[in-house]
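Undergrad: Numbering (the working numbering), first residue to last: 55 to 162.
1) Check whether the Cβ atoms of residue 139 and residue 77 sit closer than 8 Å, and answer yes or no.
2) Applying the criterion that 16 or more other CB atoms from any shown protein chain within 10 Å of the CB defines a buried residue, is residue 160 buried or exposed?
3) If you run the structure through DSSP and keep just helix, strand and coil, what is residue 67?
4) Whole angstroms are fine: how far does the CA of residue 151 sit from the CA of residue 55?
5) Between residue 103 and residue 80, how many whole angstroms is the CB-CB distance? I'm expecting something under 8 Å.
Here it is as structure tokens:
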């Protein structure tokens, strides 16, 4: 998943890197909440990431990030339908992989 995320954001302009790094921190924070047993569902985890991103950006969400998020949502739906996101450990791993892909691109 980290490579898919990296490839997805790699088409963004370099000026978006600080924003991408900030979003990666939100994914990491929610992954930690999953590990701590605070999050009760995959939907809850995604809602927490979205909420953190809204807090971070308000209404000025970048169009590049929005397009990336739409593509990611489809990939997550496919994984969920395939039964690969059944446990909180699955969600945690997924969120960590997403954060890794974002962080790797944002830091380069």
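The beta carbon of each residue, even a glycine, is placed where N, CA and C say it ideally should be.
TA: So, to answer that:
1) no
2) buried
3) coil
4) 6 Å
5) 5 Å
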